[in-house]
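Each remark here refers to the structure printed beneath this line.
Numbering (my numbering), first residue to last: 4 to 326.
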């Protein structure tokens with residue numbers, strides 16, 4: 004019994020590591036190819052890197068859906084998105100402040116707001132006590148249509164932009180090493196997702212905690228580590244467009260792409276009582292927009308960063324007390 008518990012925790016930790024490392028492999032190879040074709044740093048952040056850093060959430064949700072664990076699915080996405088904005092951008096701002104292009108503020112962030120609102124709207128019955136419902140094929144289709152609209156915007160924008168010195172790790176853009184990284188990444192992310200979900204369900208049962216709590220805290224922080232690494236490095240290299248584009252793009256992918264695809268595998272049961280969490284996710288994104296809009300500086304200062312981090316700590320404290 005004790006050995007089984009130890010093995011569960013070990014596989015859970017190894018699973019999170021595999022998710023992070025495998026996503027890194029996939030991002031490296033994909034970003035290298037994008038750089039080769041002259042894609043701008045903002046577009047890479049909003050698509051290639053956002054796709055790669057959202058892979059852990061996708062894989063976790065696939066296995067959670069197969070297991071019928073709606074709490075894990077919603078906890079992972081909501082927790083990751085809140086961590087991306089309040090914690091990761093907060094840390095990025097503390098490192099050196101964030102100043103972004105106007106179009107990033109006015110176009111990409113509103114898309115993230117739309118995604119958060121769409122998820123809230125299609126889940127509204129749960130919040131008014133009418134019982135638990137599911138995200139089915141219809142809801143998934145709505146999210147995928149919005150995702151398609153976002154992708155159209157991204158690629159139309161990319162055609163108008165010239166190569167702008169994209170911040171991408173300088174790795175080989177051809178040859179067997181890139182393909183080997185891609186294959187290793189895909190294999191690793193599969194087993195990582197499997198072990199994380201199985202471990203989370205087991206740990207929640209052992210500790211008497213909800214799957215949502217485990218997913219919104221430990222798993223969300225684990226799967227958000229790729230975003231944190233990308234943003235910190237981008238901030239240190241003074242490429243904040245990459246940092247903001249990565250977070251905003253990842254949040255959009257998490258909701259519109261992940262929650263759009265998963266219902267076609269299996270409907271996702273919406274847990275009761277997550278209205279507050281979805282509201283926090285929406286208002287965190289709104290706060291990002293307002294913070295950068297006030298004074299027309301399009302800037303997030305170090306002080307703003309500390310406020311965002313504090314809000315994240317308060318949210319985590321609340322859901323831990325809530326259980």
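Just so you know, even glycine gets a beta-carbon here, dropped at the ideal spot from N, CA and C.
None of the values given here were measured: they were computed from a predicted structure.
When the Cα atoms are used, residue 196 and residue 270 turn out to be separated by approximately 19 Å. Three or more beta-carbon pairs drawn from the segment 11-29 and the segment 57-76 are found closer than 8 Å, and the two stretches are therefore classed as touching. The segment 179-245 contains no complete beta strand (DSSP E) run of 3 or more residues. For the pair residue 318 and residue 82, the Cα-to-Cα distance works out to about 10 Å. Distances from the alpha-carbon of residue 320 to those of 157, 216 and 273 put 216 closest.
In this structure, DSSP gives residue 283 a helical state, which the three-state scheme calls helix. In this structure, residue 96 lies near residue 308, with their beta-carbon atoms less than 8 Å apart.
With respect to the C-alpha of residue 266, the residue from 29, 137 and 93 having the closest C-alpha is 137.
For residue 304, the secondary structure class from DSSP, reduced to helix, strand or coil, is coil. Spanning the alpha carbons of residue 211 and residue 10 requires a straight line of approximately 19 Å. Following the DSSP letters along the chain, one finds residue 114 inside the alpha helix (DSSP H) bounded by residues 112-125. Ranked by how close their Cα comes to the Cα of residue 219, the residues 295, 180, 243 and 74 have 74 in first place. When beta bridges are read from the DSSP output, residue 138 appears opposite 271. Judged by DSSP in its simplified three-state form, residue 102 adopts strand. 8 Å or more divides the Cβ of residue 311 from the Cβ of residue 14. With fewer than 16 other Cβ atoms inside 10 Å of its own Cβ, residue 7 counts as exposed. From the listed residues 326, 315, 29 and 54, the smallest Cα separation to residue 208 is found for 326. Within the same chain, and ignoring the five residues on either side of residue 261 in sequence, the residues whose Cβ sits closer than 6 Å to its Cβ are 60, 61 and 64. Under a 10 Å Cβ-count criterion, residue 144 is classified as exposed, with fewer than 16 other Cβ atoms of the shown protein chains found around its own Cβ.
For residue 199, same chain residues with a beta-carbon under 7 Å away, outside a window of 5 residues either side, are 15, 18, 19, 22, 63 and 222 in chain order. Counting of Cβ neighbours within 10 angstroms places residue 140 among the exposed residues, the total staying below 16. Taken through DSSP and simplified to helix, strand or coil, residue 277 comes out as coil.
In the three-state reduction of the DSSP assignment, residue 72 falls in the coil class.
The Cβ-Cβ distance between residue 153 and residue 120 does not fall below 8 Å.
Of the residues assessed, residue 322 falls on the buried side of the cut-off, its CB having 16 or more other CB atoms within 10 angstroms. Judged by their CB atoms, residue 281 and residue 66 are not nearer to each other than the 8 Å cut-off.
Rounded to the nearest whole angstrom, the CA to CA distance from residue 110 to residue 253 is 15 Å.
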